[in-house]
Structure formats: C-alpha cells, structure tokens
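Just so you know, we're using my numbering here: the sequence shown kicks off at 9 and counts up by one.
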Amino acid sequence: LHNVLAVVLVANAGLALFWHLTNGRFQQFLPRPHGFFDQAILQARFYLNGIFKNGEHPFSKTYRQKLNPLQQISYFGLLNVLLPFQIITGALMWGVQQWPEIANMLGGLPYLAPFHTLIAWLFATFVVAHIYLTTTGESVEGDIRAMITGWENVPVHEAH
C-alpha cells in the first residue's frame, strides 16, 4: 500500500507540475520578494489574533493572486523542498539493495528512515492545519469544496 501511494503521489506531483507550468499558474506559488516579510508578519498576526476577533483578512484574493504570503511560502516549501526530499529518501530506502553506495553516502537507513518519517509528519501537519483553516472562513462547506476542487466562488467584482 505504501509503495502504491508513493506512485500516486509522484504521478500527481508530475501532473500538477505539468499543469502549472503549461498554464502559467505556477506564479501563484512564488513569493514576491518586495515587502514579503512585512506581509507575512501581517498575515501571521491575522491567523494568531485577528481571525478570532472577526478581523478583516489582510489580503484579498484576485484572479492573479489567490494565495496570501504564508500560503505562498508554505506551498513553495512543500512543493520544492519537502516533496522532492520525500521522493528521494523514499526511493533510496526502496532501492537500498540496488544502490547501497548512494544510500550510504547519505548515512544509510539510520538517517534516511527518520528523515523520511519527519517529512511525512510535516505533510500530515500541513493537512491537519489545512482542514482546521477551512473551518475559519465564512462557510465551512465552501472552503472545504475549494480545498478539494481548487475552485472557489467569488463575487464578480472581486474576481478581477
């Protein structure tokens, strides 16, 4: 089951990469350097305090910019750091009999297995946080639908 899920994860990642590169939407996931730190602090304050006081969300979604700074850095790290490391460590553990020299260069199973497990826990934490954050919006059902499908209904005046 674990290996089947790994193949599904890699196939999904490959298809998602192809989709985002061919339609240009990958730019949604790139943090903008200008003012990023200040914007991330503003967003963090909202998540830590403002969200509980019905504060106004510091960033509005637009057609070109759907993710706030913390979402951008989270997805950027998840897709460009954690996912590749998860795939590499998993492949090395799976193929340790075929490529023992490569696995041993990285410390062998005593280092690869805990690192692979840590990344799995980070993915699980991301999923739990994602599910929690769907409950903080105006509509739980709408946010969960948007999380699963990737599409969200927004009023026309907010779409552009």
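We treat Cβ as the ideally placed atom computed from N, Cα and C, and that holds for glycine.
Can you tell me whether residue i is helix, strand or coil according to DSSP?
i: H10; result: helix
i: P66; result: coil
i: E57; result: With the sequence shown as reference, residue 57 is identified as Asn, and Glu is not the correct amino acid for it. DSSP places N57 in coil when its eight states are reduced to three.
i: Q105; result: coil
i: W27; result: helix
i: S82; result: helix
i: L126; result: helix
i: P41; result: coil
i: Y71; result: coil
Once you ignore the five residues that flank residue i on each side, which residues in its own chain have a CB closer than 6 Å to its CB?
i: L17; result: none
If the criterion is Cβ atoms closer than 9 Å, does the pair residue i and residue j meet it?
i: G63; j: F54; result: yes
i: P39; j: F93; result: no
i: N76; j: Q105; result: no
i: T157; j: V148; result: no
i: T144; j: I59; result: yes
So, under 8 Å CB-CB, residue i and residue j are touching, yes? Tell me the CB distance rounded to an integer number of Å.
i: I127; j: L90; result: 5 Å
i: F37; j: L87; result: 7 Å
i: M101; j: L114; result: With a Cβ gap of about 10 Å, M101 and L114 do not count as contacting.
i: G98; j: A154; result: Rounded, the Cβ-Cβ distance is 29 Å, inconsistent with contact.
Who are the near neighbours of residue i in its chain, counting only those whose CB is closer than 7 Å to its CB and skipping five residues on each side?
i: A121; result: M101
i: K74; result: Q36
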